[in-house]
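Working notes, beginning with the structure itself.
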Amino acid sequence: MPFERIVYVLFLLIPSLFIAPRVSAQSPRNVYEWTPEKVLQRAWLAERDELAANVYVHSPERGYVQTGRGNYCLPVTDLVINATTTELRIERLYTSDSRFRGRFGLGWHSSLDASLSVGRNNIVEVNIGGIPYRFQIDPANPTLIKPLQTSTASLTKAADGSFLFTAPEGIWDFTASGQLRTWQKQGTIFSFSYQGNQLTQIRAGDKVLLEVTTNPQGQITQLTDDTSRTQQYQYDSDGHLQQVKNYDRTSEVYQFDTAGHLSEIRFRNGSKMTMAWDSQGHLLEMKGPGLKRSAFAFRQTKGSREMIVTLPGEIEAPQINDFSQP
């Protein structure tokens, strides 16, 4: 007999953190899939005891919900490109609260992303693969840069204002504005070309690994790898990603409601998932393959937030193939 179970989750109000360069279609840390009853109970205990930020309501390939905000996230890997000394992954992340954008483009990033920024008090932060390294420039001697944490990494500044960051994983060369120019690893030099702030090409030595095409609005319209695999992207009049034509001749279609929230996804295997939202942008309901319907409600109290999830019975895990591999 079908049944419904109401699960109460207490979630302290802490800021939600994104580690952008490493988001992928695989399971994030401390994320549990709510399917059979035992796993559901485990997820409830994890939320209460470990303060896990995310919970799956379908499966890793169908995305997850951030319990503190009712934010739906869908990570997707578009391309995996093998290079001599590393693997280049091109990924995108949809989040319903639209806080994540990624330095690769609107919602995209690459696994080779790296950034450098100079903030107040001459503090320089370098982010490599989601790991921050902080340094401070001596105002009296701008060439002297001291690390602010115990690390085997070092940072030097050239006369033209550019920076060299050295770590066991390689050497990164940044412009004075913080744009990544090259990364040297085990004798291979990866170079990055731009048009303004938009990435246009990644090379490994003389070999082109990735070419990026954008429209006048700065949105990515095409990705092409070193084997001529091509991903194409179309947008609606409001700038939302509307359709993806994958290199394997499958496609994905996205629809949005009048408030700009994702209301329907048609996945590349032909399955469909629909969503409904409240006026504050919290997820109210999800319906899709393998799960007839999931309902969400939120209650705010002083110092905590309570999310109520209603799950139907007779849950069956959907059969999903990983099309992201070459």
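So the mapping is simple: the numbering used here equals the position in the sequence shown, first residue as 1, plus 39. Think of the CB as a built atom: it goes at the ideal place given N, C-alpha and C, for glycine as much as any other residue.
Taking the Cα of L249 as reference, the smallest distance to any Cα among P207, D265, Q258 and R307 is reached at D265.
G327 and T313 do touch by the CB rule: their CB atoms are close to 7 Å apart, below 8 Å.
Contact annotation: K284 and Q271 have beta-carbon atoms nearer than 8 Å.
Where E126 is concerned, the enclosing beta strand (DSSP E) starts and stops at E126 to T134. Between the segment 188-198 and the segment 218-235 there are fewer than three C-beta pairs closer than 8 Å, too few to call the two in contact. Taking V119 as reference, the option from L151, L113, Y133 and R288 with the minimal CA-CA separation is L151.
The count of Cβ pairs closer than 8 Å, one atom from the segment 154-166 and one from the segment 124-138, stays below three, leaving the stretches out of contact. The beta carbon of D277 is closer than 8 Å to those of F295 and G299 in its chain, skipping five residues each way along the sequence. For Q270, the enclosing beta strand (DSSP E) covers residues T269 to Y274.
Scanning Q188, D287 and Y172 for the CA closest to the CA of W211 turns up Y172. Cβ neighbours of I162 within its own chain (closer than 7 Å, five residues either side excluded): R173 and Q175. Q281 and Q273 do touch by the CB rule: their CB atoms are close to 5 Å apart, below 8 Å. The three-state secondary structure of R159, taken from DSSP, is helix. Cβ neighbours of S190 within its own chain (closer than 7 Å, five residues either side excluded): Y172. Straight-line spacing of the CA atoms in A315 and T221 works out to 44 Å. Under the DSSP assignment, Y172 falls in the beta strand (DSSP E) whose first and last residues are I170 to D177. The C-beta separation of G200 from A215 comes to about 3 Å, placing the pair in contact by the 8 Å criterion. The residues T260 and Q261, in chain order, have a CB closer than 6 Å to that of T252 in the same chain once the five nearest residues on each side in sequence are set aside. Under the DSSP definition of a beta bridge, S154 partners with N166. Annotated three-state conformation of R101 is helix, per DSSP. Shown here, S216 sits in coil according to DSSP, grouped into three states, outside any helix or strand. With distances taken between CA atoms, K185 lies nearest to N160 out of N160, G169, G168 and P207. When the five nearest sequence neighbours on each side are left out, the beta carbons in the same chain lying within less than 7 Å of the beta carbon of G244 are those of T227 and I228, in order along the chain. Shortest Cα-Cα distance from P255 to any of T263, V247, Q237 and T269 involves Q237.
Put simply, of S232, L187 and Y103 the residue whose alpha carbon is nearest the alpha carbon of L113 is Y103. Leaving aside the five residues that flank R305 on each side, the residues in its chain whose CB is nearer than 6 Å to its CB run, in chain order, V292 and K311. Beta bridge pairing from DSSP links H300 with no other residue. Ranked by Cα distance from Y286, the options T263, S302, E303 and H279 are led by T263.
In summary, R288 is exposed, with fewer than 16 beta-carbon neighbours lying within 10 Å of its beta-carbon over all protein chains present. DSSP places T123 in no beta strand (DSSP E); its state is neither H nor E. In this structure, the CA atom of N110 is about 23 Å from the CA atom of R307.
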